[in-house]
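2 protein chains.
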Amino acid sequence: MNYQFSTRVPKTNEDPVGNILKVAGSSDVISFAGGLPAPELFPVEALKKVTNEVYDQEGRSALQYSIAAGYPKLREQIVARMAQSGINTTVDNVMISTGSQQSIDLTAKMFINPGDTVIVEQPTYLCALDVFRSYGANLVGVEMDDDGMKMMALETALQAHPNTKFIYTIPSFQNPTGRTMSVARRQKVIELAEKYDVIILEDDPYGAIRFAGTAVAPIKHFDQSGRVIYMSTFSKILAPGMRLGWIVADTALIKKFTLMKQSADVHSDNLTQHIVARFMAEYDIDAHIQKIQSVYGQRERVMVAAMAEHFPASVHYSRPEGGLFIWVEIPGNIDTQALFETCIAHNVAFVPGDPFYPNAATPGTFRLNYSTMAEDQIKIGIERLGTAIKETMANAVKV
Amino acid sequence: MNYQFSTRVPKTNEDPVGNILKVAGSSDVISFAGGLPAPELFPVEALKKVTNEVYDQEGRSALQYSIAAGYPKLREQIVARMAQSGINTTVDNVMISTGSQQSIDLTAKMFINPGDTVIVEQPTYLCALDVFRSYGANLVGVEMDDDGMKMMALETALQAHPNTKFIYTIPSFQNPTGRTMSVARRQKVIELAEKYDVIILEDDPYGAIRFAGTAVAPIKHFDQSGRVIYMSTFSKILAPGMRLGWIVADTALIKKFTLMKQSADVHSDNLTQHIVARFMAEYDIDAHIQKIQSVYGQRERVMVAAMAEHFPASVHYSRPEGGLFIWVEIPGNIDTQALFETCIAHNVAFVPGDPFYPNAATPGTFRLNYSTMAEDQIKIGIERLGTAIKETMANAVKV
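First to last, the sequence lines map onto chains A and B. Read in order, the letters of the first sequence correspond to residues 1 to 399 in our numbering. Read in order, the letters of the second sequence correspond to residues 1 to 399 in our numbering.
This is the structure:
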């Protein structure tokens, strides 16, 4: 039959990134296209031990329905972690979500009426763009440099779009660029949000994975008026299969979030919430995160060294101080899709930049991931990538 | 600050049912207000055993990101279960959700444009009403009798509302009434959906918990054209803390559901999906469900026997053949809220009927739950309830 979908449903079933991941998943291809945490770092034995304790000591309550805001002991653990990173908050300001994706979806559902403007970094996390579009947002991209969103461009966008509901930013080790917003800009973005009376949606999945440079406080740290909705997740610091994230916001907002959450999925997996709360009570999650930082930092250095060796000097790439991604920009109006196909011919893959842009994409841009790959594979893959880039640039010059 | 929410957000933070559950949760009160499965029936030891196997044999993949449609082995198990209940389907027609609440939310998001009509049973599951309202649905209730939705009333509603997107029904052991739609009406509802070109959303969380009468095939069994979206859950047959449900629908719809699911929470908890798949592979879930049927059936009979003894003869109540709920209707335009307060004074509680109605509620109606209470408590509670009903009816007559 002919289904009559709502306007929120994407017209096509096309999944360009899914298609890329399929091509990149071929066994001969060295793929930098993914965005997965390194599974060899998952603390399987520790999780198994605390899971057994959950079954033995609180099994029936962990398996029963629970409250929408989330398991109170887990929220207490999160409050303590937040204090470490410069956010002083309370259990009543924290809601557990079914991962950051749900935090983004609930925020979008809560604020966006069709036609409202959402300001985003350009490029940004593509699945956030999908969500904002599904609720009818008018997406406005703001250019970035190595210090994050450009503040003059942001103010211009705010002036031009008085119907802006919120600014969506990933200030630390951004997806896809790996860039980090400077302290000065974090303070400035709050100032602009105050001036133009908009909300800031601070998405911080990677902030804890810093392997170089100096820690920077979250934007939420500078928030005086409840204007920042902060969200993070256990996906990158523990394991993404257990879909658990959290939101920190003004209590008035958490009340609304909790109502929306109840309608969305009643509450997040209660067994998993108990497992993670117990893991944090019995193990040193900071020591675990240091292991992740160390492994990812080493892989990033190997990748960057290989890029310095094999990429043409004119190619620009970000130097992330944490997170999972490097952003590459090739000069000269290179056709990213043609480059992708050349790379596949050389058995190496990336995610082309296009889907990360809210509107028109900058050609010749792409994202590389270094978190899941062994060092020797990184070296071989980057060498192949360098060859493909050189070929493509040479062909572009000829045309 | 003054937050500017979207039109999807409820204006108030009032949570009438939450308030009732709080009052009902006082230690002196015997509460029939909840809707929880009996925790003493959760197969904790079996789940612990299979969880250890998941960690030992597939821990890293269970803890990693997975695909939005859900763990293929779990979907295979569901296909086999569906065949038992009269739905012949394939893995490509099944998507895992984060519980039935998410299945309802995704369906609503997928089909409802503001102003579209959704036809519902009257009364019906209140959290479905909240979801439909949040997407701007025009809710139209159809009256029921002991055989479910009245088909003439349904056709009248379909004629009156040509902008109907779907009919939402809980055909087996409905929440809140405990009623089951007859086979003849299941066939008729398909016929009407064909005639008026609408979708049917068949919500079946309780269908497996039949403790009396004869099995009736799901509406989906009679679907020839992909018009029925069937949804069920592990919440009532296994454990609700692990938020896992499923949708069975036409492959074209499952593709869209999967896109929407990816935006909503990427995928459901992967660890829990592995646990449940392994539980179903190694244990006899039908034997487990028989235990639930037996315990709930006994509690229902005890409750009904006590109602026959202590309720005035003029009070009508449903006789469910399965599920968790009995629906009570008191004649004579009784004020349900006044009755609730009298009951609390007598230390017994229920959920008043009002929030289950899409529009105006029938006075003197309420829902009783029998799944979580020991038999002696059921007897005492129903005796108290009988006293409170008699008092309230006597007062109403005086006025």
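C-beta: ideal position from N, C-alpha, C; glycine also.
Give every residue of the same chain whose Cβ lies closer than 7 Å to the Cβ of residue i, excluding the five residues on either side of it in the sequence, and list them in chain order.
i                 : result
Phe-311 (chain B) : Gly-386, Ile-389
Ile-378 (chain A) : Arg-299, Val-302, Met-303, Ala-306, Tyr-370
His-221 (chain A) : Gly-86, Ile-87
Asp-223 (chain B) : Ile-190
Val-131 (chain A) : Ile-104, Asp-105, Ala-108
Thr-251 (chain A) : Asp-92, Asn-93
Pro-355 (chain A) : Pro-16, Val-17, Leu-126
Ala-361 (chain B) : Gly-353, Asp-354
Give a yes or no on whether the minimum CB-CB distance between residue i and chain A is below 7 Å.
i                 : result
Val-131 (chain B) : yes
Ile-112 (chain B) : yes
Arg-299 (chain B) : no
Gln-101 (chain B) : yes
Ser-371 (chain B) : no
Gly-226 (chain B) : yes
Leu-187 (chain B) : Note that residue 187 (chain B) is Gln in the sequence shown, not Leu. It does not: the Cβ of Gln-187 (chain B) has no partner Cβ on chain A nearer than 7 Å.
Arg-367 (chain B) : no
Gly-59 (chain B)  : yes
Val-140 (chain B) : no
Leu-158 (chain B) : no
Thr-51 (chain B)  : yes
Measure the alpha-carbon distance for residue i versus residue j and round it to whole angstroms.
i                 : j                 : result
Asn-333 (chain B) : Ser-31 (chain B)  : 24 Å
Met-307 (chain B) : Phe-211 (chain B) : 19 Å
Glu-329 (chain B) : Phe-257 (chain A) : 35 Å
Ala-38 (chain A)  : Val-29 (chain B)  : 51 Å
Lys-236 (chain A) : Leu-36 (chain A)  : 8 Å
Val-54 (chain A)  : Val-118 (chain A) : 42 Å
Met-260 (chain B) : Leu-106 (chain B) : 7 Å
Gln-187 (chain A) : Val-228 (chain A) : 12 Å
Asp-204 (chain A) : Phe-42 (chain B)  : 37 Å
Gly-207 (chain B) : Ala-239 (chain B) : 15 Å
Met-373 (chain B) : Ile-382 (chain B) : 12 Å
Phe-166 (chain A) : Ile-199 (chain A) : 4 Å
Gly-213 (chain B) : Pro-320 (chain B) : 9 Å
Pro-358 (chain B) : His-316 (chain B) : 22 Å
Trp-327 (chain B) : Phe-366 (chain B) : 6 Å
Ser-27 (chain A)  : Thr-89 (chain B)  : 32 Å
Check residue i in the structure and name its three-state DSSP category.
i                 : result
Leu-36 (chain A)  : coil
Lys-11 (chain B)  : coil
Tyr-206 (chain A) : coil
Arg-179 (chain B) : coil
Met-280 (chain A) : helix
Lys-109 (chain B) : helix
Val-216 (chain B) : coil
Asp-56 (chain A)  : helix
Leu-201 (chain B) : strand
Leu-368 (chain B) : strand
Ile-87 (chain A)  : coil
Met-95 (chain A)  : strand
Ile-229 (chain A) : strand
Leu-385 (chain A) : helix
Pro-404 (chain A) : Any answer about residue 404 (chain A) is impossible in this case: the structure gives chain A only from 1 up to 399.
Asp-130 (chain B) : helix
Would a check of beta-carbon distances place residue i closer than 7 Å to chain B?
i                 : result
Val-304 (chain A) : no
Asp-105 (chain A) : yes
Asp-203 (chain A) : no
Lys-48 (chain A)  : yes
Arg-278 (chain A) : no
Pro-218 (chain A) : no
Asn-19 (chain A)  : no
Lys-255 (chain A) : yes
Gly-241 (chain A) : yes
Asn-13 (chain A)  : yes
Asn-270 (chain A) : yes
Thr-98 (chain A)  : yes
Excluding sequence positions up to five away, which residues of its chain have a Cβ less than 8 Å from the Cβ of residue i?
i                 : result
Ala-349 (chain A) : Ile-20, Val-23, Ala-24, Val-29, Ile-30, Ser-31, Phe-32, Ala-33, Phe-340, Cys-343
Gly-136 (chain B) : Thr-7, Arg-8, Ile-112, Asn-113, Pro-114, Gly-115, Asp-116
Ser-412 (chain B) : Residue numbering for chain B in the displayed model covers 1 to 399; residue 412 (chain B) lies beyond these limits and cannot be assessed.
If contact is defined by three or more beta carbon pairs under 8 Å, each pair taking one atom from either stretch, is the region 50-59 of chain A in contact with the region 289-307 of chain A?
no
Three CB pairs or more closer than 8 Å across the region 67-82 of chain A and the region 248-264 of chain B
no
How about the region 135-150 of chain A and the region 284-295 of chain A: do they share at least three Cβ pairs that are nearer than 8 Å?
Contact fails: fewer than three Cβ-Cβ distances are below 8 Å.
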